[in-house]
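Residue numbers (UniProt numbering): 1 to 230.
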């Protein structure tokens, strides 16, 4: 749910509309036509940046939730669980719920004025909590072998982004995510609503925390071949 979700594409459609009325509608229709019986969890996630110089600008009971990125900016990650471990014959009713949350979303993630909080803005898809959200889904799959339900097989994480597939990520978190994915046999699909760029995607721009401030080192990139791009 990055800031691009509220932008229009070259055809005049909101990227949110492309995701819901386009991809999700086709996906759920395909599930119904093929009589699929998937168990799904749907989470809306985003990162909110705050215009603050220190944590004293935040309410005291919320300071533990505020984090600081490699550029020194204060931010907070939000995860809104729409449905959890549900199985339905017809998933179309879920689209109405998602559209309702979309209208309320700016207030839910404090993009509108909130008492005691500094001014906030939504992050772009590139600067969002992409890997963090994937690891959150991995927490569900980590113990898949305990009380295993044999009515279903396979483990898949699908991320829908309004971006083009370029993300600024932490190097250590990228390594951890890849290792957890391989160890647990989890598939990860990335569905981009943005137009295909003129280079390979997905593409990670890594934070080079070891370099000094006046270092002349260039940007460090990585192509995660372990992520399927759609």
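Beta carbons are placed, not taken as given, at the ideal position from N, Cα and C, and that holds for glycine.
Check: Which of helix, strand or coil DSSP assigns to residue 135; Outcome: helix
Check: Rounded C-alpha distance that separates residue 168 from residue 205; Outcome: 5 Å
Check: Nearest to residue 183 (by Cα), restricted to the options 138, 191 and 13; Outcome: 138
Check: Residue 81, enclosing beta strand (DSSP E) - first and last residue; Outcome: 74–87
Check: Under the three-state DSSP convention, the category residue 127 falls into; Outcome: coil
Check: Own chain, CB closer than 7 Å to residue 152, minus 5 neighbours either side, in chain order; Outcome: 39
Check: Beta-carbon proximity of residue 2 to residue 162, cut-off 9 Å; Outcome: yes
Check: Beta-bridge partners of residue 45, as assigned by DSSP; Outcome: 79
Check: Cβ-based burial, residue 63 [other Cβ within 10 Å; buried from 16]; Outcome: exposed
Check: Rounded separation between residue 103 and residue 16 - CA only; Outcome: 11 Å
Check: heavy atom of the ligand ADP below 8 Å from residue 7 C-beta; Outcome: With respect to the ligand ADP, the structure offers nothing, as it holds no ligand at all.
Check: Cα-Cα separation, residue 125 to residue 166; Outcome: 8 Å
Check: Proximity winner among 192, 155 and 164, relative to residue 181 (alpha-carbon distances); Outcome: 155
Check: Pair within 9 Å by beta-carbon distance, residue 129 and residue 105; Outcome: no
Check: CA-to-CA distance, residue 142 to residue 170, given in whole angstroms; Outcome: 22 Å
Check: 9 Å Cβ cutoff met for residue 67 and residue 77; Outcome: yes
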